[in-house]
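**Q** Residue numbers (my numbering): 9 to 301.
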Amino acid sequence: MNDTQSDRRPWLQIAVLGAALACGIVAMGCAKKSSATVFAKSDGYTGYTTLPDQSTVITGVGIFVGPSDIVNDGTETCIELAGVDQCVTQPTGKFCSQEGAKADLIVVDGVVVDVVCYPPPTPANTTTVVPDNGNVDVPQNANNTVIVFDSSTDGEPIKGNITVDGNNVAIYGNGPDKTIIEGDLHIDGNNARVRGVTVTGNVTWGLNGGALLFSVVQGNVTVDKNNIIVSAVDVWGNVTVSGNNAILVANRVAGNWQITGNGEFCDGNYAFVDDNQDNKIQSTEIGDLLTCN
Numbered sequence: 009m010n011d012t013q014s015d016r017r018p019w020l021q022i023a024v025l026g027a028a029l030a031c032g033i034v035a036m037g038c039a040k041k042s043s044a045t046v047f048a049k050s051d052g053y054t055g056y057t058t059l060p061d062q063s064t065v066i067t068g069v070g071i072f073v074g075p076s077d078i079v080n081d082g083t084e085t086c087i088e089l090a091g092v093d094q095c096v097t098q099p100t101g102k103f104c105s106q107e108g109a110k111a112d113l114i115v116v117d118g119v120v121v122d123v124v125c126y127p128p129p130t131p132a133n134t135t136t137v138v139p140d141n142g143n144v145d146v147p148q149n150a151n152n153t154v155i156v157f158d159s160s161t162d163g164e165p166i167k168g169n170i171t172v173d174g175n176n177v178a179i180y181g182n183g184p185d186k187t188i189i190e191g192d193l194h195i196d197g198n199n200a201r202v203r204g205v206t207v208t209g210n211v212t213w214g215l216n217g218g219a220l221l222f223s224v225v226q227g228n229v230t231v232d233k234n235n236i237i238v239s240a241v242d243v244w245g246n247v248t249v250s251g252n253n254a255i256l257v258a259n260r261v262a263g264n265w266q267i268t269g270n271g272e273f274c275d276g277n278y279a280f281v282d283d284n285q286d287n288k289i290q291s292t293e294i295g296d297l298l299t300c301n
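Dropping the structure here:
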């Protein structure tokens with residue numbers, strides 16, 4: 009990903025050191041500060057326009073939601089996570105410095121390892137998908153925009169395979185129970201991000217960089233490129249990662265888990281088995297922790 013992904017590694021060491029110095033410790037992460045803004049744990053979905061002022065922190069122990077302006081202005085050294093005895097630092101990425109921008113901060117061991125940013129949810133920044141004679145079509149080569157979905161599309165399948173080849177484009181669904189891609193998804197644009205969808209087929213990448221978040225994949229996820237983010241995704245097929253520097257956090261996987269790339273960040277990934285075959289993941293169906301070693 010351009011500004012969001014490609015320079016990830018150089019500033020990561022700086023972020024870790026900065027977190028340690030700011031909080032007076034030498035470990036990754038930092039102790040709680042009473043003045044820190046608290047992000048609440050949440051099982052809900054943060055929509056682009058329905059919750060325009062909310063951003064998320066994705067960790068191996070849960071998803072946390074709080075005000076975007078704290079992420080954007082960078083005035084606080086740490087964001088406190090409710091019920092977690094640490095706070096996290098927040099490096100910024102492209103679009104995050106804009107007033108009203110939204111972000112997904114991905115955390116491993118108390119440190120933000122990447123930030124996926126979205127421009128402020130204004131009409132100038134968005135392309136809205138509405139049904140056309142009962143069909144739902146997604147612009148696949150739009151640039152520099154966030155593709156959102158009118159509520160009238162909820163539950164209506166987007167039929168056919170989708171290739172996202174626009175640059176700096178985000179497909180921001182209404183949630184995996186509402187925005188459904190009935191086919192395969194191929195992410196092939198610079199800094200392309202896909203969030204809040206169900207994909208009934210497989211997901212692949214054609215370029216280095218890219219992100220898939222808060223989604224459900226009924227097929228396989230195959231990552232053979234570098235600097236790819238897969239986070240908060242339920243995968244009913246296999247996950248195969250041969251690319252380097254992937255970030256895999258808070259995923260649940262029913263099929264095989266095969267990680268052969270180098271430099272991966274892994275946290276909070278678990279196997280599951282749909283014992284009662286209801287196509288839902290119950291807490292009792294979550295099994296072993298999946299590692300990248």
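Even for Gly, the Cβ is constructed at its ideal location relative to N, Cα and C.
#1: How close, in whole Å, do the beta carbons of ALA48 and ALA111 come, if the pair is a contact with beta carbons under 8 Å?
#2: With burial defined as no fewer than 16 other Cβ atoms inside 10 Å of the residue's Cβ, what is the status of SER239: buried or exposed?
#3: LYS288 to VAL96, Cα distance in whole Å?
#4: Give the secondary structure of ASP77 by DSSP, where H, G and I count as helix, E and B as strand, and everything else as coil.
#5: What does DSSP give as the partner residue(s) for TRP265 in the beta ladder?
#6: In whole angstroms, give me the CA-to-CA distance for PRO147 and ASP185.
#7: Pick from PRO127, PRO129, GLY191: whose alpha carbon is nearest that of GLN226?
#8: Using a Cβ-Cβ cutoff of less than 8 Å, which residues in the same chain neighbour GLY245 once the five nearest sequence positions on both sides are dropped?
#9: In three-state terms, what does DSSP make of ALA240?
#10: Please state whether the Cβ-Cβ distance between VAL123 and CYS104 is less than 8 Å.
#11: Roughly how many angstroms lie between the CA atoms of VAL266 and SER63, to the nearest whole one?
#12: Just curious, the beta strand (DSSP E) that GLU190 is in, first and last residue?
#13: I need the boundaries of the beta strand (DSSP E) containing CYS110, first residue and last residue.
#14: Could you tell me the alpha carbon to alpha carbon distance between GLY251 and SER159, rounded to whole angstroms?
#15: Going by C-alpha to C-alpha distance, which of ILE155, VAL119, ASP140 sits closest to TYR126?
#16: Does the separation of the CB atoms of ASN175 and GLY204 fall below 8 Å?
#17: Here's the rule: buried if 16 or more other CB atoms are within 10 angstroms of the residue's CB, otherwise exposed. What is ASP275?
#18: Can you tell me whether DSSP reads ALA150 as helix, strand or coil?
#19: Report buried or exposed for VAL281, applying the criterion of at least 16 other Cβ atoms within 10 angstroms of its Cβ.
#20: Would you kindly work out how many angstroms separate the C-alpha atoms of ASP283 and ASN259, rounded to a whole number?
#21: Could you give the first and the last residue of the continuous beta strand (DSSP E) run that contains VAL224?
#22: Suppose the cutoff is 7 Å on Cβ atoms and the five residues either side in sequence are ignored; what does the same chain contact list for THR153 look like?
#23: In its own chain, which residues sit with a C-beta less than 6 Å from the C-beta of ILE189, not counting the 5 before and 5 after it?
**A** Judging by the given coordinates:
#1: Their Cβ separation, rounded to whole angstroms, is 16 Å, which puts ALA48 and ALA111 out of contact at 8 Å.
#2: buried
#3: 31 Å
#4: helix
#5: DSSP lists VAL247 as partners of TRP265.
#6: Going by the C-alpha atoms only, they are around 21 Å apart.
#7: GLY191
#8: ASN210, VAL225, GLN226, GLY227, ASN228, VAL229, ALA262, GLY263
#9: strand
#10: In contact: VAL123 and CYS104 (Cβ atoms closer than 8 Å).
#11: It should be noted that the sequence gives Gln, not Val, for residue 266. Cα-Cα distance, rounded: 31 Å.
#12: It spans 188-190 - the beta strand (DSSP E) in which GLU190 sits, taken as one unbroken run.
#13: This sequence places Lys at residue 110; Cys is not what is there. 110-116 is the span of the beta strand (DSSP E), which, as asked, contains LYS110.
#14: 36 Å
#15: The candidate whose alpha carbon is nearest that of TYR126 is ILE155.
#16: Taking 8 Å as the cut-off, the beta carbon of ASN175 is found no closer than this to the beta carbon of GLY204.
#17: buried
#18: coil
#19: exposed
#20: 18 Å
#21: VAL224 -> beta strand (DSSP E) spans 218-225.
#22: ASN133, THR134, THR135, VAL177.
#23: ILE166, ILE170, VAL205, VAL207
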